[in-house]
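Here's the structure we're looking at; comments come further down.
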Amino acid sequence: MRIDRAGNKGLIREINEALVLAELRGESLHSRADIARSTGLSGPTVTAITSRLIDRGLVEERATGASAGGRPPVLLGLRQRAGYVVGIKLTENRAIGVLTDLDANVVARADAALALPTPGAVVAGIVSTVEALAPAGHGRILGVGLGMGGVIDRDEGSVRHATYFDWHNEPLAKRLSDAIGLPVLIDNDVNALVASEQSWGAGRGVKNFAVVTIGRGVGMGMVLDGRLFRGSRGGAGELGHMKVVPEGPECECGGRGCLEAVIGEPALLGSLAGELGRRVSVDEAGTMARDGDQRAARVFAEAGQHLGRAVGNVVNILNPDRLLLAGEGTHNLDLIMPAFRRALNETVFDGLQDGLSIHAEAWDDEAWARGAASLLLNELFEPNLRLNSDEPTLIGRSAG
Ligand SMILES: [Zn+2]
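For reference, each letter of the sequence shown is one residue, going 7 to 406 in the working numbering.
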């Protein structure tokens with residue numbers, strides 16, 4: 007950002023509007039005085055901003071609050087149905103979509119099978135999902151947020167590396183927005199989940215937290231100092247490819263001994279088949295372990311140990327306040343947790359565990375799609391500082 011733009015009135019106005027809108031997100035109603043208190047803006051500024059937002063149909067007066075003696079204050083709320091967004095979670099073979107209002111409440115759902123793992127077929131699947139959701143948006147759909155596995159450059163809108171498809175540097179956001187006629191934001195699916203945890207989940211108000219997902223793969227997203235951290239090319243948090251077994255099993259990434267190649271669902275199924283002498287599903291093995299089968303229990307405990315050690319290393323680096331475990335692998339968390347906690351305790355440096363809370367949440371596909379919608383909503387409620395992204399960075403300027 008250029009320094010002379012810091013005084014730009016339009017930009018300040020935009021930031022202040024975003025502050026007020028962010029205050030009004032969620033269920034509770036606020037008086038103008040409440041908003042002034044919590045944003046630090048002056049009373050007249052808040053009054054001017056809220057009238058503009060009311061004129062634009064984004065905010066409405068809903069009720070009157072308790073009087074403190076004089077005239078009772080008017081309470082304001084976000085007009086949740088002033089606009090809608092689509093959130094899509096892309097899996098190996100399906101596009102799972104939700105339509106949400108401005109507070110990320112799901113108002114419609116649709117999904118479509120992907121005929122082929124090609125960009126063209128994936129775009130077609132997403133387009134048909136959006137078309138199925140469109141009527142519920144009453145012509146007020148603001149954009150589409152998409153979460154998928156892989157290394158995603160969200161600023162460029164391109165898929166650098168896809169977990170489930172053999173794509174490289176695919177300009178997916180542009181292809182989609184050309185086909186749909188709406189702005190499209192793409193991001194890593196774990197980041198979508200982190201965005202929703204931060205907006206309304208267990209990460210709300212937490213300054214530093216990490217979300218570790220376990221299931222077919224292993225992923226991680228993180229909020230550091232209150233902001234989602236993506237790294238320089240969108241590839242931060244590839245916990246699944248942390249090397250945990252030297253010369254260990256081959257990974258889909260081409261490396262060996264990656265955490266994902268040791269405890270991801272395909273690896274778990276392989277270990278279970280080896281121990282039990284027959285193929286079983288993970289849930290079946292979970293039931294066997296709970297019924298006292300030591301061989302099945304050992305496989306889950308070993309997975310917990312690897313995960314605990316890897317996550318302990320993450321804690322040593324990031325020193326988070328909270329750790330969230332999510333994904334379909336959490337269905338068997340009771341079986342992996344004791345070994346996970348033991349390994350975590352052994353790995354974490356003295357003191358870094360004080361105050362660290364661990365939460366687990368099972369997320370279904372709809373929740374992931376809602377996360378993708380909230381990525382876009384977060385963008386809509388933030389001032390458009392990225393207007394300046396083509397300008398040299400401060401580091402670039404001081405070098406030149
Ligand atoms: Zn790997």
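Yeah, the Cβ is synthetic: ideal placement off N, Cα and C, and Gly gets one too.
- Boundaries of the beta strand (DSSP E) around N194: 190 to 194.
- The set of residues with CB atoms less than 5 Å from any heavy atom of ligand 1 reads, in chain order, H247, C257, C259, G261, C264.
- Separation of the CB atoms of A273 and G93 is rounded to 30 Å, and the pair is thereby denied contact status at 8 Å.
- Under the three-pair Cβ rule at 8 Å, the stretch 135 to 149 does not count as touching the stretch 169 to 180.
- Per DSSP, R376 lies in no beta strand (DSSP E) segment; the continuous alpha helix (DSSP H) that holds it begins and ends at 371 to 386.
- Beta-bridge pairing by DSSP links E67 to L82.
- The DSSP assignment places complete beta strand (DSSP E) segments of no fewer than 3 residues inside the stretch 124 to 157 at 147 to 154, in order along the chain.
- The beta carbon of G243 sits closer than 7 Å to those of V196, G225, M226, G227, M228, all from its chain and outside the five residues before and after it, given in chain order.
- By the neighbour-count criterion, in which a residue is buried when 16 or more other Cβ atoms sit within 10 angstroms of its Cβ, A201 is buried.
- Secondary structure note for F355: it is in no alpha helix (DSSP H), with a DSSP letter that is neither H nor E.
- Within the stretch 215 to 294, the complete beta strand (DSSP E) segments of 3 residues or longer fall at 215 to 220, 224 to 230, 233 to 235, listed in chain order.
- Here DSSP, grouped into helix, strand and coil, assigns K15 to helix.
- In the structure shown, the three-state DSSP call for G103 is strand.
- The C-beta distance from W173 to A110 rounds to 28 Å, too long to fall under 8 Å, and the pair is not in contact.
- For the pair A332 and V165, the CB atoms are not nearer than the 8 Å cut-off.
- Within its own chain, no residue has a Cβ closer than 6 Å to the Cβ of A54 once the five positions on either side in sequence are excluded.
- Within the same chain, Cβ atoms closer than 6 Å to the Cβ of E281 are found at R301, V305, the five residues on either side in sequence being excluded.
- Looking at the backbone, the Cα of L120 and that of H36 are separated by about 44 Å.
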